[in-house]
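Numbering (UniProt numbering), first residue to last: 1 to 412.
Glycine residues also receive a C-beta, built at the ideal position from the N, C-alpha and C atoms.
Structure record follows, encoded as structure tokens.
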């Protein structure tokens with residue numbers, strides 16, 4: 001069979017966008033205008049596809065307590081923008097108070113249901129839909145107003161609408177227990193489910209068999225694409241409930257910055273930037289979780305292995321004194337604390353975004369650092385921990401810090 005070739009400088013229109021040609025005297029129909037609107041949407045979507053999917057800015061989710069009507073749970077979604085896998089930009093210009101419930105199907109036994117977990121409600125109470133949920137944002141269309149019509153008295157009311165509103169909607173998808181391996185009854189549930197969302201590609205042994213490895217994926221989210229998550233949706237947060245109410249809201253486990261998805265193949269996965277975005281998300285997820293823990297309990301009483309199955313390659317822990325380090329990192333291999341110059345902290349953090357996670361059940365070595373300038377000034381200290389897979393940053397540097405605030409070099 002003959003192969004069709006496209007000549008140089010020959011217009012190739014198979015995948016082109018077709019717009020309506022307007023000219024004086026042309027008879028315009030609603031269909032023509034609809035084609036023009038579709039062409040505009042397609043052009044916008046192609047820009048989105050070129051950028052990649054993810055969250056551009058904002059859209060942070062904060063659980064607000066049982067403040068929705070009837071004492072039901074609610075969350076606040078901050079203004080922001082995102083792009084879905086279809087290239088559609090989803091924009092929220094004002095914060096939204098979101099009621100996390102669904103109405104039951106009307107009927108004789110009609111009751112309000114939370115997440116479809118229906119049961120009769122007492123006045124002022126709600127029935128918590130125990131489980132894990134994925135909150136997403138997606139496009140939605142609605143209509144506004146009535147348009148004036150002329151000479152078409154039999155026009156369907158459905159057609160005589162003034163405007164089609166390109167809006168957004170929020171969905172709450174249940175992540176059924178069989179779709180993940182984390183135990184909701186364990187104190188490390190939030191950490192384990194977060195790292196299932198980050199995927200096996202962040203583990204230290206992932207590159208061990210490069211020829212046999214597939215591309216990195218956000219494993220939990222990819223699983224959800226076969227169980228209700230649509231390409232038109234952008235994940236915003238994980239929200240967990242038990243029979244007593246809200247457990248946690250975790251945004252960073254599923255938030256991804258805008259970026260193209262890794263092409264098929266391991267070599268592409270190693271060189272494309274999306275892995276750096278996952279690394280940033282791991283760091284932010286840990287900082288958010290440790291902050292949440294400190295709001296309700298004493299950091300000095302925490303043992304890391306009890307709450308964290310995995311740690312990011314670099315993390316910051318405030319207010320943890322030296323005499324509590326052995327207890328906090330009990331059962332783990334650590335060295336320090338040593339002093340690190342303030343100017344080296346950010347380069348260390350940025351280098352960590354491509355590094356594998358710390359497995360707290362392994363003998364993975366961890367460096368502990370104190371910032372030299374902070375300790376000198378007597379200010380509230382922050383502990384910097386870093387994976388042993390990252391270069392040591394405690395070597396003395398000429399004319400920077402002296403005596404007790406400088407470390408002897410490992411190699412003279």
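Using CA coordinates, which residue listed in the options is at the minimum distance from residue i?
i, options, result
"residue 251", "190, 300 and 268", "190"
"residue 289", "277, 309 and 273", "309"
"residue 137", "67, 180, 181 and 236", "236"
"residue 233", "170, 207 and 61", "170"
"residue 346", "280, 263 and 248", "280"
"residue 100", "370, 70 and 82", "70"
"residue 194", "284, 6 and 338", "284"
"residue 62", "97, 277 and 45", "97"
"residue 277", "52, 192 and 362", "52"
"residue 413", "257, 82 and 87", "For residue 413 there is no data in the structure shown, the boundaries of the chain being 1 and 412."
"residue 225", "257, 38 and 85", "85"
"residue 381", "24, 338, 352 and 387", "338"
"residue 332", "323, 350 and 362", "362"
"residue 88", "47, 247 and 181", "47"
Please return the same chain residues whose Cβ sits closer than 8 Å to the Cβ of residue i, not counting the five positions on each side in sequence.
i, result
"residue 211", "266"
"residue 36", "19 and 20"
"residue 425", "Examination of residue 425 is not possible in this model, given that the chain is present from 1 through 412 alone."
"residue 186", "192"
"residue 340", "348, 369, 370, 371, 372, 384, 393 and 394"
"residue 268", "215 and 262"
"residue 230", "138"
Starting from residue i, trace the beta strand (DSSP E) both ways and give me its first and last residue.
i, result
"residue 387", "382 to 387"
"residue 249", "245 to 250"
"residue 22", "Taken as a continuous stretch (DSSP letters only), residue 22 belongs to no beta strand (DSSP E), as it is neither H nor E."
"residue 57", "54 to 58"
"residue 223", "Counting along the chain, residue 223 falls outside any beta strand (DSSP E), though it belongs to the alpha helix (DSSP H) covering 219 to 224."
"residue 5", "Run containing residue 5: none; DSSP gives neither H nor E here."
"residue 68", "61 to 68"
"residue 369", "365 to 371"
"residue 267", "Counting along the chain, residue 267 falls outside any beta strand (DSSP E), though it belongs to the alpha helix (DSSP H) covering 266 to 271."
"residue 335", "333 to 340"
"residue 76", "72 to 77"
"residue 317", "314 to 318"
Answer with buried or exposed for residue i, where buried requires no fewer than 16 other C-beta atoms within 10 angstroms of its C-beta.
i, result
"residue 253", "buried"
"residue 263", "exposed"
"residue 282", "buried"
"residue 107", "Residue confidence is low: residue 107 scores 41 on pLDDT, short of 50, so the model does not pin down where it sits. Its coordinate-derived value is still stated next. With fewer than 16 other Cβ atoms within 10 Å, it is exposed."
"residue 50", "exposed"
"residue 196", "buried"
"residue 202", "buried"
"residue 1", "Any answer about residue 1 is weak, because its pLDDT of 46 lies below 50 and its placement is not dependable; what the coordinates show is given next. By the 10 Å Cβ count, residue 1 comes out exposed."
"residue 271", "exposed"
Is residue i near residue j, with beta carbons less than 8 Å apart?
i, j, result
"residue 78", "residue 58", "yes"
"residue 74", "residue 242", "no"
"residue 228", "residue 217", "no"
"residue 317", "residue 307", "no"
"residue 141", "residue 168", "no"
"residue 335", "residue 355", "no"
"residue 299", "residue 325", "no"
"residue 296", "residue 330", "no"
"residue 390", "residue 352", "yes"
"residue 175", "residue 132", "yes"
Which two residues bound the contiguous alpha helix (DSSP H) that contains residue i?
i, result
"residue 30", "30 to 51"
"residue 307", "304 to 307"
"residue 242", "From DSSP, residue 242 is part of no alpha helix (DSSP H) but of the beta strand (DSSP E) over 234 to 242."
"residue 347", "345 to 352"
"residue 90", "Where residue 90 is concerned, there is no enclosing alpha helix (DSSP H), although the beta strand (DSSP E) it sits in stretches over 89 to 92."
"residue 325", "325 to 328"
"residue 419", "Missing from the structure shown is residue 419; the chain here goes from 1 to 412 and no further."
"residue 182", "Looking at the DSSP string, residue 182 is not in any alpha helix (DSSP H), and its letter there is neither H nor E."
Go through its chain and collect everything with a Cβ distance to residue i's Cβ below 7 Å, but skip five positions before and after it.
i, result
"residue 286", "311, 312 and 315"
"residue 123", "Bear in mind that the predicted position of residue 123 carries a pLDDT of just 35, short of 50, making it too unreliable to give a figure here."
"residue 344", "393"
"residue 247", "240 and 241"
"residue 322", "337"
Identify, in the order they occur along the chain, each residue of the same chain with its Cβ nearer than 6 Å to the Cβ of residue i, setting aside the five sequence neighbours on each side.
i, result
"residue 8", "none"
"residue 342", "371 and 373"
"residue 261", "none"
"residue 385", "315, 366 and 368"
"residue 256", "54 and 277"
"residue 223", "179"
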